[in-house]
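Protein chains in written order, with the working numbering: chain F, 643 to 1220; chain C, 23 to 179. Working notes for the structure below.
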């Protein structure tokens, strides 16, 4: 019954008509994304340095190849999301240093921005949306002519510029672009990373306004979403490793088809004062974490304060309390000698596993990934993990009452999800004020595009079963709308409407306006539906006549236009007319 | 086609009430047509990059790990003072962006827009692995960048 509600032609957005003119004869799915080169002569995208074509990138200068790779990544996103409004990415290459690859983000945010035609506008009041997403939901360009995303990349970094992801040991520019563009499209919060404050704080509104990404962040320890938290609660939530999860249905419905079972897990099981999962780093030596893993009590290793290591807790020499360590999990302080040396000494003492916690020199650092030194690693036969200094000291503080701990993987939980199947966001406990909640957790397996680590095994695929980026963007408002009429495919009476400017019947252009109706169908869609199942030509013509008369009575078409429609229907071969 | 077929299902009834539908459509359509997007005056199309933003202050850092691949030897080493200063300057300009001073402008319907002025733009950075490849991480704050690159604030400055 949705179709009984019509829109007047005046309510059809002008941009939609223009869009149709541009796209006549083509599928309307997707979004146009324009890369605007703002580099000066002979730099960045205009770098004239000759290069050989590589990996499907046909550019013959470095600048050309950069631009082609940018547009390739933009087109990849353009083919994945739907928007009636072209997305503009203001783009440049600048000398940013060899350790910097580049950045991208939304240029402007909007809240309470309204909409045109059938477009839904903001899903939540008082909520910030990035420019491109706001435009899509408004159905119009809210900041006409201005960029939606700003991308600045490093001309100092030696990217792989091919399009085929065959990057070898180099870093694939297209993959990095897909990641950073996703931030600009909405995979980010606008909560301050340093203070936890919402954007838009003023004297009248000291709480500011939340953003649409934050509305889907939930702290599993208290069940609160970020938009319902105080500033202090958000700050605390941002560093709750493993406890900050996504609460959007599109992501969580696809978690099971993307993430693999076997969530790596380091967990103190007693005493209660420090029990729970811990953030940890892994080692490049020794056995990988597995199920059932290792469980046991923790014993602090002691060794001589000698030339190998000045502290009795650094594990750089043979343990002096080897008998106490044997059969237990050894706890060692980082520093002086290599990780593999410490782990080898623990293995020799009969430890069942090894924990190395940061020393005072690394007091503010995250748990390190531990490299092999090429000498001692092969002698390590027990799993080894690292902890922050704070976590290490909290265990040390409880050794008097006994600390039980498990190291392994939980075979019943997917890596990158919590035990309820919700995707985890990256909320490390470090150090820093605020953290990177605008990413999936690094424990995700398979690797996801939107983890903070942009891993070399990533594909260019953006959705399940390879990835969960599109799913998150869908949750925040990038609804699928193949014909870009403002009605989500799931509720559109025709997700691929004929949006031509005029009514066309069997190839005959009537010149009568083609209306878009509430529910997402057009005049052309309805006339096409009259043809389906028409017993004969006469039935089809009579249905069209009824429709045309209704339009005429409503004042939506003129008498001449009605006649044109009837003439085209009558002359058509639809329904079997000879 | 599925949707078209669905539309066909109630076609006779639909046609019978078509005039009534159209009449209601005029009323409802005029309401919908009254929904407007509120934006400000169009800006000129971007033609030039904005100037590099200035961070509030640039802190001094010490490099504690080898993050630079020497262009001459290809070996990994700590950055020189100049390289470190350039790196910190670059990162500070992108990540040390004050967000509490960003001003909102009011749209004609009471909604708001905020120009982010380069803030909230995550940055991808890299450090070398032992095999010569580069490990990449996307960060959202200077503190995260410093942690990843092994940069420690210099308290003596």
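All C-beta atoms, glycine included, are put in the ideal place defined by N, C-alpha and C.
**Item:** residue 1048 of chain F vs residue 885 of chain F beta-carbon contact at 7 Å
**Value:** Numbered from its first residue, the first chain carries residue 1048 of chain F at position 406. Numbered from its first residue, the first chain carries residue 885 of chain F at position 243. For the pair residue 1048 of chain F and residue 885 of chain F, the CB atoms are not nearer than the 7 Å cut-off.
**Asked** Is the Cβ of residue 95 of chain C closer than 7 Å to any Cβ of chain F?
**Response** For the purposes of this step, residue 95 of chain C is taken as residue 73 along the second chain, with counting starting at 1. The beta-carbon of residue 95 of chain C is placed no less than 7 Å from the nearest beta-carbon of chain F.
**Request:** Look up residue 733 of chain F in the DSSP assignment and say whether it is helix, strand or coil.
**Result:** Residue mapping note: residue 733 of chain F aligns to position 91 of the first chain, counting from 1. Here residue 733 of chain F sits in strand by DSSP.
**Message:** Can you pull the chain F neighbours of residue 122 of chain C, defined as C-beta to C-beta under 8 Å?
**Reply:** Your numbering for residue 122 of chain C matches position 100 in the second chain. Taking the beta carbon of residue 122 of chain C as reference, the chain F residues within 8 Å of it are 834, 837, 839 and 843, listed in sequence order.
**Request:** Quick one: list the residues of chain F neighbouring residue 152 of chain C, beta-carbon separation under 7 Å, in chain order.
**Result:** To locate residue 152 of chain C, count along the second chain from 1; it is residue 130. Within chain F, the residues whose beta carbon sits less than 7 Å from that of residue 152 of chain C are 1013, listed in sequence order.
**Prompt:** Out of curiosity, what's the CA-to-CA distance linking residue 149 of chain C and residue 1003 of chain F?
**Reply:** By one-based count along the second chain, residue 149 of chain C stands at place 127. By one-based count along the first chain, residue 1003 of chain F stands at place 361. Between residue 149 of chain C and residue 1003 of chain F, the C-alpha separation is close to 20 Å.
**Proximal chain F residues relative to residue 147 of chain C, where beta-carbon distance stays under 7 Å** = Within the second chain, numbered from 1, the residue matching residue 147 of chain C stands at position 125. Residues of chain F whose Cβ lies closer than 7 Å to the Cβ of residue 147 of chain C are, in chain order, 741, 742 and 743.
**Prompt:** Is residue 164 of chain C near residue 117 of chain C, with beta carbons less than 7 Å apart?
**Reply:** Position 142 of the second chain, counted from the start, is the residue given in the question as residue 164 of chain C. Position 95 of the second chain, counted from the start, is the residue given in the question as residue 117 of chain C. Contact: yes.
**Continuous beta strand (DSSP E) assignments of at least 3 residues falling wholly in the stretch 776-822 of chain F** = Qualifying beta strand (DSSP E) stretches, in chain order: 791-796.
**Asked** Which whole runs of the beta strand (DSSP E) in the stretch 147-171 of chain C are 3 residues long or more, in chain order?
**Response** DSSP runs (the beta strand (DSSP E)) wholly in the stretch 147-171 of chain C: 156-161.
**residue 895 of chain F burial status per 10 Å Cβ neighbour count (16 or more: buried)** = The sequence position of residue 895 of chain F within the first chain is 253, counting from 1. Classification for residue 895 of chain F: exposed.
**Prompt:** What residues of chain C sit near residue 750 of chain F, judged by a beta carbon separation below 9 Å?
**Reply:** Residue numbering aside, residue 750 of chain F sits at position 108 when the first chain is read from its first letter. Result: 135, 136, 137 and 138.
**Request:** Identify every run of the alpha helix (DSSP H) within the stretch 671-753 of chain F, keeping only runs that are complete inside it and at least 4 residues long; order them along the chain.
**Result:** DSSP runs (the alpha helix (DSSP H)) wholly in the stretch 671-753 of chain F: 704-720.
**Prompt:** Is residue 68 of chain C close to chain F, meaning its C-beta is less than 7 Å from at least one C-beta of that chain?
**Reply:** Working through the second chain from its first residue, we reach residue 68 of chain C at position 46. Low per-residue confidence applies at residue 68 of chain C: pLDDT is 46, beneath 50, and the placement is therefore not dependable enough to give any value.
**Message:** For a test of the three-state rule: what should DSSP assign to residue 1176 of chain F, helix, strand or coil?
**Reply:** Numbered from its first residue, the first chain carries residue 1176 of chain F at position 534. Note: residue 1176 of chain F maps to coil in three-state DSSP.
**Item:** Of the listed residues F:781, F:869, F:752 and F:1095, nearest to residue 728 of chain F (C-alpha basis)
**Value:** The residue labelled residue 728 of chain F in the question sits at position 86 within the first chain. Answer by Cα proximity: F:781.
**Request:** Measure the Cβ-Cβ separation of residue 1152 of chain F and residue 1206 of chain F and say whether it is below 7 Å.
**Result:** Looking up residue 1152 of chain F in the first chain gives position 510. Looking up residue 1206 of chain F in the first chain gives position 564. The answer is yes: Cβ separation under 7 Å.
**Asked** Which residues in the same chain as residue 1094 of chain F place their Cβ atom closer than 7 Å to its Cβ, once the five residues preceding and following it in sequence are excluded?
**Response** The residue you call residue 1094 of chain F lines up with position 452 of the first chain. Closer than 7 Å at the Cβ level, and outside the excluded window around residue 1094 of chain F, lie 1068, 1078, 1081 and 1084.
**Request:** Consider the Cβ of residue 1000 of chain F: report whether some Cβ of chain C lies at a distance smaller than 7 Å.
**Result:** Walking along the first chain from the start, residue 1000 of chain F turns up at place 358. Chain C has no Cβ within less than 7 Å of the Cβ of residue 1000 of chain F.
**Endpoints, alpha helix (DSSP H) assigned at residue 766 of chain F** = Locating residue 766 of chain F in the first chain gives position 124, counting from the first residue. Counted as a single uninterrupted DSSP element, the stretch harbouring residue 766 of chain F is not any alpha helix (DSSP H), since DSSP gives it neither H nor E.
**Asked** Smallest Cα separation from residue 1170 of chain F: which of F:1001, F:1148, F:1159 and F:963?
**Response** Numbered from 1 along the first chain, position 528 holds the residue referred to as residue 1170 of chain F. Out of F:1001, F:1148, F:1159 and F:963, F:1148 has the C-alpha closest to the C-alpha of residue 1170 of chain F.
**Asked** In three-state terms, what does DSSP make of residue 829 of chain F?
**Response** Translated into the one-based positions of the first chain, residue 829 of chain F becomes position 187. Three-state DSSP puts residue 829 of chain F in coil, outside helix and strand.
**Request:** Please classify residue 1169 of chain F: does DSSP put it in a helix, a strand, or coil?
**Result:** Residue numbering aside, residue 1169 of chain F sits at position 527 when the first chain is read from its first letter. Residue 1169 of chain F: helix per DSSP, three-state reduction.
**Request:** Give, in chain order, every unbroken run of the beta strand (DSSP E) that is at least 3 residues long and sits entirely within the stretch 940-982 of chain F.
**Result:** Runs of the beta strand (DSSP E) spanning 3 or more residues and lying entirely within the stretch 940-982 of chain F occur at 971-975, in chain order.
**Asked** Considering only the beta carbon of each residue, do residue 1165 of chain F and residue 1178 of chain F sit closer than 7 Å?
**Response** The residue you call residue 1165 of chain F lines up with position 523 of the first chain. The residue you call residue 1178 of chain F lines up with position 536 of the first chain. Not closer than 7 Å, so no.
**Prompt:** Looking at the C-beta of residue 155 of chain C, does it have a partner C-beta in chain F at a distance below 7 Å?
**Reply:** Translated into the one-based positions of the second chain, residue 155 of chain C becomes position 133. So, interface residue.
**Item:** Cβ-Cβ distance between residue 1231 of chain F and residue 1087 of chain F below 7 Å
**Value:** Missing from the structure shown is residue 1231 of chain F; chain F here goes from 643 to 1220 and no further.
**Prompt:** Count the other CB atoms within 10 Å of the CB of residue 1136 of chain F; is the residue buried (16 or more) or exposed (fewer)?
**Reply:** Against the first chain, residue 1136 of chain F aligns to sequence position 494. That one is buried.
**Request:** Provide the residue span of the beta strand (DSSP E) that contains residue 1026 of chain F, from first to last.
**Result:** For this step, residue 1026 of chain F is matched to residue 384 along the first chain. Run containing residue 1026 of chain F: 1026-1029, per the beta strand (DSSP E) assignment.
**Request:** Measure the alpha-carbon distance for residue 844 of chain F versus residue 857 of chain F and round it to whole angstroms.
**Result:** For the purposes of this step, residue 844 of chain F is taken as residue 202 along the first chain, with counting starting at 1. For the purposes of this step, residue 857 of chain F is taken as residue 215 along the first chain, with counting starting at 1. Between residue 844 of chain F and residue 857 of chain F, the alpha-carbon positions lie close to 21 Å from each other.
**Prompt:** For residue 1054 of chain F, which three-state DSSP category applies?
**Reply:** Here residue 1054 of chain F corresponds to residue number 412 of the first chain, with the count starting at 1. The answer is strand: DSSP assigns residue 1054 of chain F an E or B state.
**Asked** Would DSSP call residue 1068 of chain F helix, strand or coil?
**Response** Taking the first chain and counting its residues from 1, one reaches residue 1068 of chain F at position 426. In the structure shown, residue 1068 of chain F sits in coil (DSSP, three-state: anything other than H, G, I, E or B).
**Message:** To the nearest angstrom, how far is the alpha carbon of residue 1115 of chain F from that of residue 891 of chain F?
**Reply:** On the first chain, position 473 is the one that residue 1115 of chain F refers to. On the first chain, position 249 is the one that residue 891 of chain F refers to. When rounded, the distance between both Cα atoms is 11 Å.
**Request:** Examine the Cβ distances between the stretch 93-101 of chain C and the stretch 718-727 of chain F and report whether three or more of them are shorter than 8 Å.
**Result:** Taking 8 Å as the limit for Cβ pairs, the verdict is that the stretch 718-727 of chain F does not touch the stretch 93-101 of chain C.
**Asked** Counting pairs of Cβ atoms below 8 Å between the stretch 969-976 of chain F and the stretch 953-961 of chain F, do you hit three or more?
**Response** Contact annotation: the stretch 969-976 of chain F touches the stretch 953-961 of chain F, with at least three C-beta pairs closer than 8 Å.
**Item:** Complete alpha helix (DSSP H) runs within the stretch 1090-1143 of chain F (minimum length 4 residues, chain order)
**Value:** Qualifying alpha helix (DSSP H) stretches, in chain order: 1111-1118.
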